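As structure tokens, the structure follows; a few thoughts come after it.
What follows is the structure, encoded as structure tokens:
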């Protein structure tokens, strides 16, 4: 018999329960919004698909120049953002991480609400915040 009471060490020995993320898929037919943008002459489109409740559930980013590194990176950011949203990551958290990032291409835009962008990611996530995040 042991008169040792369970403490923090015994708790550490128990296997931790692994959280399994749950993906919430969008319906086959869903509302969406398309936005054409330009940052220092680099043109592209942001396409946002919405759940029935109005929350964004997918983001596609298409740059005009096919096969470019910029297009590949923005396609990848769109996929990553979509996967995160479908697994419950709040868009506001993603916006906080990506807006104000600074790298080329950067510069002036044609959007009166976002006159200048410090990167394509800055523009994209600032636009997403303006268009889809509830105002405090």
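In full-length UniProt numbering, the protein residues as written are 1 to 136. Where a beta carbon is used, it is the ideal one built from N, C-alpha and C, also for glycine. Computed from a prediction, not measured in an experiment: that's the story for all the values here.
Simplified DSSP state of residue i, which is helix, strand or coil
i           : result
residue 143 : The question about residue 143 has no answer here: the residues shown for the chain are numbered 1 through 136.
residue 88  : coil
residue 69  : helix
residue 34  : strand
residue 58  : strand
residue 41  : coil
Where the alpha helix (DSSP H) through residue i begins and ends
i          : result
residue 25 : Unbroken run through residue 25: none, as it is neither H nor E.
Paired residues, beta bridge with residue i - DSSP
i           : result
residue 117 : 107
residue 47  : 34 and 60
When the options are compared against residue i, the one with the closest alpha-carbon
i           : options              : result
residue 97  : 29, 106, 103 and 121 : 121
residue 129 : 59, 105, 29 and 104  : 59
residue 127 : 18, 95 and 73        : 95
residue 109 : 102, 91, 103 and 118 : 118
residue 55  : 21, 84 and 71        : 84
At least three beta-carbon pairs within less than 8 Å, the region 101 to 114 to the region 46 to 59: no
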